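Shown next, in structure tokens, is the structure this report addresses.
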Ligand SMILES: Cc1cc2nc3c(=O)[nH]c(=O)nc-3n(C[C@H](O)[C@H](O)[C@H](O)COP(=O)(O)OP(=O)(O)OC[C@H]3O[C@@H](n4cnc5c(N)ncnc54)[C@H](O)[C@@H]3O)c2cc1C
Ligand code: HEM
Ligand code: SF4
Ligand code: F3S
Ligand code: FES
């Protein structure tokens, strides 16, 4: 009998490398992320619409915003908590959203890694900074001009 | 194997375009948020610094940008609610296109009064 | 030469091939070669159902089923085979259910059953509910379920591998009575990999043919473009006879002009055929079971109405299938797909308007002769060891001269399973037959010849002319004159076939080349069919000769066997020898067939 | 044919002109086919075919006409020609359709009709793509009934309602129109894709099956259901009218409910 040349594997099962999935991700991270997007989204609707309404619609709108305005809001723990929640939720929600987008479009593992590193770093900085600002904020900083400060500040 | 020829753009319908919109607005808002936290953080530096930066928000050009941002947020928010309905409401997938038209309707409903007020404020210049 | 060695090589991944693969794959090293992805096979187009005397909704038993099959086939059925099929039908359905097939259910949760043409209780007393079904996509669900189970059992598929030759070795042998003959033995098959254009030889101890039908010899057909009779053609070219090729079934309700099938289930659920006068004309031809008469009778009645001027439409060339008296909800529940066909392809709304229909070429009753073990016969009783056939490509013969609706899905499951088991069992003890040195030469030559063909004839044009003449002359009505005319046309087409030209000279996915190869099979098969039809000077089942309108049991109660024999001529066609084979009777004597 | 003349008892008046009729209109079209054959050139290009077609013709008929009368090397898969085998999913005027189910008269024939291979799978030649990645995902979700219980002697019972529960997803013909219309699948081909999920759904919601949990676990992967962004292209593309996005959504909720 003629010697057979190399015998090829059947084509079924020969999948272009791009499409093979490497290992499976254990755990529920993607599920929790998905759920978080929805829950945070719902809460953010209230927080952001409230925020926009108060800042842009009430009174003189955007013109009313100045240091005094902000300081006035943050003197009230209610707005402190509000803005803090908004900061955290929006940042986490947005970061996770951008993470998804990076996963979708960055095709090299290296690019993906770097983009995500930058993203997480930026997020961490912003969240920490924002949190510090809200909590360590002094509505009546010692040597500022009085007319810039909210009216409840004691005269220097 | 071959490289896939690029070909024409896929002609999606409501579902696809709303997703494109959601994605674009999401990223836009995210980047704005980064900047927004940074500028707000200036309140820690000094009232003067904050006010200087905030003042730039008050020129008409920025007002337009701001209007765009609000438009993006409002769309993203309403469409986000639509997505949530599609996920959790039994009839959501069936009515997804109608829901999108609802989103667009609501968006117009919110944006018209907002723009009127916001732009009059911006261009008549308060203070 | 690339040679793959397997215990069992299965050709075709339709219902029959995959049913065989599930059995064989668990017992022996099995390869399945298929020219289409398995789920593209035409079994998936079957709509109506698969029958078995489960008696889930009304009294029934396998013996009645046997009788209906025999009578439906106009007594040309081998009754031992019909008994096997009717008996094993019940397990065949239950097997599928256990594999996961989602049958429609009765209120008690059992498999639901419905009526189908020719299936009756107690030897023809009244229609019986025997067809198990999954909406009107029973074949789709069977194909999917079988594929799913192949995935489960890790069956090795070679997708888009066209088998183009069967390797047969002949040995001198003597019969019990001392006479000498050539014993055929099977060594394997030769295939053409569509993606790469390479030739691969598959050596197997057993080979199972399950390559489906040959409907594309006709123009108006319910069959897929890919049903070009390859399996029959390959076997025929290698000296295996073909049995009962004159019997081709024309399904009554094809969408007029297109041939796309509207299942008999429509009539099972109550639809009525009407002519241009609005008459329910089947009352004339089959007073007892009317629209649910077997297909040959209904198809002929329809053609007759049209011939007598009671057809509908601008050319008065079709009749109407009326569902308008049925509840839309009922139609939606039981016949969703086929009503969609009417809407999509003819723009007719079946809720409110009757649908134009006309008979469409549907099913080859004939094929590669086998016994009830699915072993292929090289003559009336000599088995080719290791070679099996099942499904539409085979002729067991359970369908005789006319197949009953739902008996084919049954056939592929019963005999597919038998073939799979037998092939694997045989491979356990048998030795490989050596593959001849230049086994692939024939195929290489065939391919290269076509690839370089630069004549002036177009394959598509020849095929069209073949199909047109078959539709005009070898359809529901035939006569000596029309058949002879066809033979002349085929002869001239064969001549012209030698002068074809193709445009694609590449190796990768060269479908231009393959269509030319397929046309070769079509020409062979059309010729065999026509010669066999000319030979049978009687009318029986699907074969109706206007010049011999009655059944003639005296002369023709036997199967026809067509052999390729270069030295012979039959009906003035060189290369074909026609012989006959006795019909096997067990319990039913031929009677007049009336419904 | 000999027929006893029994007057049909049930005769109805047919409305005039019932059951269609009239001349079938013919019209001219330009079929623009995206051609690619690596044996000839690495570059893809468009070929135009000017064809005269009829009112009942489908895109598949036009492709056949182009192949059979103009250029035999035009390559595409097809078999059943009536939308049940799933061979000929392709992008027609920018949308995934089955060529055999798309009537020319439903398209704008005043403009060229664009035909391209489905997106996201490697193109092999003209309209033929490599389907293996697609079937690989299908195989991975264990698309077969798994029942650990005792084999009954008769059929397993299933109520009509339980049968109805997964009816929609049993219709799938594995044509890949859905998966190759999904923008998430296009990105990197790693996503399991709607078709695999549809076929998992068919078993997860089958009351006779015991391995739903295993399938849910498989689809809880990072390339599983959570990558679906409810784009609905899949649902629009499915030639079998399967509510694909709804099925995916049901699987998502099933994973959630199992975990929480
Ligand atoms: C529209 C329609 C409706 C029907 N409805 C019913 C019904 O309701 N009930 C019923 O009982 N019957 C019905 N039938 C008949 C029945 O479906 C078929 O006869 C049966 O499915 C044939 O199955 P098969 O496995 O023999 O062939 P197929 O399913 O046709 O499979 C053939 C296989 O062979 C492969 N093949 C062919 N040639 C080659 C080659 N050269 N090399 C490699 N592989 C090859 C193909 O790839 C394919 O996988 C219907 C038929 C049609 C057309
Ligand atoms: C106002 C209320 C908001 C709601 C109701 C909302 C809702 C949602 C939902 C449900 C998703 C998930 C979409 C999906 O999985 O397909 C999502 C995605 C996203 N959101 Fe929001 N969101 C809101 C605000 C924000 C904000 C403030 C940001 C920016 C910081 C943001 C950025 C994003 C991004 C980047 C995505 C990812 C988009 C994608 O993957 O396509 N969203 N949003
Ligand atoms: S779900 Fe629909 S589109 Fe997707 S593969 Fe199945 S039939 Fe095709
Ligand atoms: S198109 Fe894709 S994103 Fe989801 S809804 Fe369909 S799978
Ligand atoms: S050819 Fe079968 S689906 Fe179109």
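Residue numbers (the numbering used here), protein chains in the order written: chain A, 58 to 213; chain B, 18 to 144; chain C, 7 to 601; chain D, 36 to 295.
All residues carry an ideal CB built from backbone N, CA and C; glycine is no exception.
Here the structure is a predicted model, which means the values were calculated and not measured.
Chain B residues whose Cβ lies nearer than 9 Å to that of residue i
{"i": "residue 158 (chain A)", "result": "40, 43, 44"}
{"i": "residue 218 (chain D)", "result": "27, 29, 33, 36, 37"}
{"i": "residue 130 (chain D)", "result": "27, 28, 29, 30"}
{"i": "residue 129 (chain A)", "result": "Result: empty, since nearest Cβ-Cβ is about 11 Å, beyond 9 Å."}
Beta-carbon neighbours of residue i, restricted to chain D and to distances below 9 Å
{"i": "residue 92 (chain A)", "result": "291, 295"}
Minimum Cβ-Cβ distance from residue i to chain C less than 8 Å
{"i": "residue 96 (chain D)", "result": "no"}
{"i": "residue 48 (chain D)", "result": "yes"}
{"i": "residue 114 (chain D)", "result": "yes"}
{"i": "residue 107 (chain D)", "result": "yes"}
Contacts that residue i makes with chain C (C-beta to C-beta distance below 8 Å)
{"i": "residue 261 (chain D)", "result": "Near residue 261 (chain D) there are no residues of chain C at all, since even the closest Cβ is about 25 Å away, more than 8 Å."}
{"i": "residue 241 (chain D)", "result": "106, 108"}
{"i": "residue 126 (chain D)", "result": "Those do not exist, as residue 126 (chain D) stays about 18 Å from chain C at its closest Cβ, beyond 8 Å."}
Residue i Cβ short of 7 Å to ligand 4 heavy atom set
{"i": "residue 172 (chain D)", "result": "no"}
{"i": "residue 222 (chain D)", "result": "no"}
Endpoints, alpha helix (DSSP H) assigned at residue i
{"i": "residue 215 (chain D)", "result": "Neither: residue 215 (chain D) is in no alpha helix (DSSP H) and is coded neither H nor E."}
{"i": "residue 427 (chain C)", "result": "413-435"}
{"i": "residue 67 (chain B)", "result": "64-73"}
{"i": "residue 210 (chain D)", "result": "Residue 210 (chain D) -> no alpha helix (DSSP H), and no H or E assigned at all."}
{"i": "residue 145 (chain A)", "result": "134-162"}
Extent of the continuous beta strand (DSSP E) to which residue i belongs
{"i": "residue 255 (chain C)", "result": "254-261"}
{"i": "residue 124 (chain C)", "result": "119-127"}
{"i": "residue 136 (chain C)", "result": "132-138"}
{"i": "residue 365 (chain C)", "result": "361-370"}
{"i": "residue 163 (chain C)", "result": "162-165"}
Short CB-CB distance (under 8 Å) between residue i and chain D
{"i": "residue 26 (chain B)", "result": "yes"}
{"i": "residue 283 (chain C)", "result": "yes"}
{"i": "residue 120 (chain B)", "result": "no"}
{"i": "residue 364 (chain C)", "result": "no"}
{"i": "residue 157 (chain C)", "result": "yes"}
{"i": "residue 113 (chain B)", "result": "yes"}
Per-residue contacts from residue i into chain D (C-beta, under 8 Å)
{"i": "residue 32 (chain B)", "result": "265, 266, 267, 268, 270, 271, 280"}
Chain-ordered chain A contacts of residue i [CB-CB under 9 Å]
{"i": "residue 90 (chain B)", "result": "105, 106, 109"}
Proximal residues of chain A, C-beta to C-beta of residue i below 7 Å
{"i": "residue 157 (chain D)", "result": "73"}
Below-8 Å beta-carbon distance, residue i vs any chain A residue
{"i": "residue 133 (chain B)", "result": "no"}
{"i": "residue 286 (chain D)", "result": "no"}
{"i": "residue 58 (chain B)", "result": "yes"}
Any non-hydrogen atom of ligand 3 within 7 Å of residue i CB
{"i": "residue 254 (chain D)", "result": "no"}
{"i": "residue 212 (chain D)", "result": "yes"}
{"i": "residue 209 (chain D)", "result": "yes"}
{"i": "residue 266 (chain D)", "result": "no"}
{"i": "residue 277 (chain D)", "result": "yes"}
Contacts that residue i makes with chain A (C-beta to C-beta distance below 8 Å)
{"i": "residue 165 (chain D)", "result": "73"}
Proximity test, Cβ basis, 8 Å: residue i and chain B
{"i": "residue 190 (chain D)", "result": "no"}
{"i": "residue 36 (chain D)", "result": "Per-residue confidence for residue 36 (chain D) stands at a pLDDT of 39, beneath the threshold of 50, marking its modelled position as unreliable; the derived number appears in the next sentence. Answer no: the Cβ-Cβ gap between residue 36 (chain D) and chain B never drops below 8 Å."}
{"i": "residue 132 (chain A)", "result": "no"}
Contact test: residue i Cβ vs ligand 2 heavy atom, cutoff 7 Å
{"i": "residue 50 (chain B)", "result": "yes"}
Proximity test, residue i beta-carbon vs ligand 5 heavy atom, cut-off 7 Å
{"i": "residue 164 (chain D)", "result": "no"}
{"i": "residue 183 (chain C)", "result": "no"}
With 8 Å as the C-beta to C-beta threshold (strictly closer), list the residues of the segment 177-209 of chain A near chain B in chain order.
179, 183, 186, 187, 189, 190, 193, 194, 198, 201, 202, 205, 206
Please list, in chain order, the residues of the segment 244-259 of chain D that have any C-beta partner in chain A closer than 8 Å.
253, 255, 256, 257, 258, 259
Chain-ordered residues of the segment 200-228 of chain D with a beta carbon less than 7 Å from chain A
219, 222, 223, 224, 225
Selection of the segment 229-240 of chain C by Cβ proximity to chain D, strictly under 8 Å
230, 231, 232
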